[in-house]
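All residue numbers for the sequence shown refer to my numbering, where the first residue is 1 and numbers rise by one. Ideal Cβ positions, reconstructed from N, Cα and C, are used throughout, including at glycine. Please read these numbers as outputs of a predicted model, since none were measured by experiment. Please read the structure below before turning to the comments.
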Amino acid sequence: MIFLDAAATTPVRREVLEAMWPYLSGEFGNPSSHHTLGEAAASALADARAAVAGVLGCRSGEITFTSGGTEADNLAVKGIALARQAVDPTLNRVVISAVEHPAVEESARYLARFHGFTVDVVPVDSTGLVTPQALAALLRPETALVSIMYANNEVGTIQPVTELAELARAQGVPFHTDAVQAAGWLPLDVKALGVDALSISGHKLGAPKGCGVLYVRGRTRIEPLLHGGGQERGKRSGTENVAGAVGLATALTLAQSAQLQTADHVTALRDGFIRDVLGAVPGAVLTGHPTERLPSVASFCFPGTSGESVLLELERQGVVCSSGSACAAGSDAPSPVLTALGIEAEVAQTAVRFSFESTITGSGLAAAAEAVGTAVGSVRTLGRG
Ligand code: PLP
1 MIFLDAAATT
11 PVRREVLEAM
21 WPYLSGEFGN
31 PSSHHTLGEA
41 AASALADARA
51 AVAGVLGCRS
61 GEITFTSGGT
71 EADNLAVKGI
81 ALARQAVDPT
91 LNRVVISAVE
101 HPAVEESARY
111 LARFHGFTVD
121 VVPVDSTGLV
131 TPQALAALLR
141 PETALVSIMY
151 ANNEVGTIQP
161 VTELAELARA
171 QGVPFHTDAV
181 QAAGWLPLDV
191 KALGVDALSI
201 SGHKLGAPKG
211 CGVLYVRGRT
221 RIEPLLHGGG
231 QERGKRSGTE
241 NVAGAVGLAT
251 ALTLAQSAQL
261 QTADHVTALR
271 DGFIRDVLGA
281 VPGAVLTGHP
291 TERLPSVASF
301 CFPGTSGESV
311 LLELERQGVV
321 CSSGSACAAG
331 SDAPSPVLTA
341 LGIEAEVAQT
351 AVRFSFESTI
361 TGSGLAAAAE
371 AVGTAVGSVR
381 TLGRG
């Protein structure tokens, strides 16, 4: 099998599992317990927090462990907007982009449904980019928060986060970015990025599902979503997932230390794959930005097919990929992300996303590109579009 669906999830890396194992077995303590076992767990958690903070260039106290990217996004969007509104009730608008993951978009919609917020949606251009001008046009004195993702999960487009964050913060508006797809591939120094909050998910990086991180800049007010024993400095109650935190910290450290080297190598492989697919499939269209895109994502529309049929045909040939985001899989509606890029519904239904792990090889991708040519050809011939 050639696995080209790493943006959906990745297997747990051996080094990560080995780092986690003690905290799933002998060192099983609760970090809040005042005995040796508890202290060992608390110390592992502190080390994991320091390691994540090291990668992000922030203080340990600015790191909150969560149950994943979805929770980190919910906590950032709801938590920051509600905390600001509580202090100043006129702060009742949030700005998101038109290509956010549902974890951000639905959090913003929740604020509108239950807390009187208005959601301002920044459009993207045909490559999926938010321009600073488009964001500037939506910033108002009532804006409580801006949340714009670092890199898109369906088409891989990388946003100019530093510029966008600077714009928002110049007007006193905190800026959150969903870095779930960016982590492991792009620089994550939160000071260089200039962001107030940043979300990461473990399972996109070789850590297990169900662990994530939210960075929140020191003085940013944030209302917790989960109330209880006050763990995570009161930002996220609940007994900590010690092994998950250790796993995430290990995976993030490994991925970011290899990042520069891996990103260049995988970018070259990705560009070769894009060329091969465009050569093998007449009429194929690359979606997203031609260069400002994640090293790991190549996404296309194959007019005259249906994405789902191509997917099935590819799986028969041993290539596993996705027709869009895993979250939207099975839905008949065209992807809102592709629609936001101005792609017509009929063409958007033909979308297929290929996403790579850092271990991908040139020969694997060459074989996959050939399989894409054959799969699209047979779907078109059989009229299964
Ligand atoms: N944000 C983005 C951009 C994602 O791609 C995903 C997962 O697909 C998430 C958030 C949600 O992360 P998790 O699966 O850890 O809840």
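- Across the set G194, R270 and G234, the C-alpha of G194 shows the shortest separation from the C-alpha of G57.
- In the three-state reduction of the DSSP assignment, R140 falls in the coil class.
- Ranked by Cα distance from V285, the first of V352, T220, H265 and V77 is V352.
- Using a cutoff of 7 Å, the CB of V94 does not count as near ligand 1, since none of the ligand's heavy atoms is closer than that.
- V337 sits away from A19, with the two beta carbons spaced by 8 Å or more.
- For G68, the shortest C-beta to heavy atom distance toward ligand 1 is below 7 Å.
- Between P123 and G342, the alpha-carbon positions lie close to 10 Å from each other.
- Three or more beta-carbon pairs separated by less than 8 Å link the region 73-86 to the region 108-128, which places the two stretches in contact.
- Just measuring C-alpha positions, the residue of S355, A280, V319 and S306 sitting nearest P295 is S355.
- D88 carries a coil assignment under DSSP once its states are collapsed to helix, strand and coil.
- Under DSSP, R293 shares a beta bridge with T157.
- Look at S97: its beta carbon is at least 7 Å from all of the heavy atoms in ligand 1.
- Boundaries of the beta strand (DSSP E) harbouring D120: T118 to V122, taken from the DSSP string.
- Going by beta carbons, S237 and L226 fall inside the 8 Å limit.
- Exposure of P132 is indicated by the presence of fewer than 16 other C-beta atoms within 10 angstroms of its C-beta.
- In the assembly as shown, M1 is an exposed residue. Its beta-carbon has fewer than 16 other beta-carbons within 10 Å.
- Runs of the alpha helix (DSSP H) lying entirely within the region 175-203, each at least 4 residues long, are 190-193 in chain order.
- For L260, the enclosing alpha helix (DSSP H) starts and ends at V242 to A280.
- Here DSSP, grouped into helix, strand and coil, assigns V16 to helix.
- DSSP, reduced to helix, strand and coil, places A40 within a helical segment of the structure shown.
- Our two residues, R221 and G116, have alpha carbons roughly 19 Å apart in a direct line.
- In the displayed model, V213 falls within a strand according to three-state DSSP.
- Residue pairing for C321: DSSP places it in no beta bridge.
- Shortest Cα-Cα distance from E142 to any of K235, A179, S199 and A81 involves A81.
- The beta carbon of F28 is closer than 8 Å to those of L37 and A41 in its chain, skipping five residues each way along the sequence.
- Contact annotation: A340 and V99 have beta-carbon atoms nearer than 8 Å.
- If the five residues before and after H265 are omitted, its C-beta is found closer than 7 Å to no C-beta atom of its own chain.
- Only buried fits A298, as 16 or more other CB atoms lie within 10 angstroms of its CB.
- Per the coordinates, the alpha-carbon of L311 lies some 20 Å from the alpha-carbon of R275.
- S358 and P89 have their C-alpha atoms some 46 Å from each other.
- Under the DSSP assignment, R93 falls in the beta strand (DSSP E) whose first and last residues are R93 to S97.
- Looking at V216, C301 and P224, the one whose alpha-carbon comes closest to that of V52 is V216.
- Between V55 and T250, the C-beta gap is not smaller than 8 Å, which leaves the two residues out of contact.
- Distances between the C-beta of Q181 and the heavy atoms of ligand 1 include at least one below 7 Å.
- DSSP places F114 within a helical segment (H, G or I) once states are collapsed to three.
- If you check the CB distance, G210 and G79 do not come in under 8 Å.
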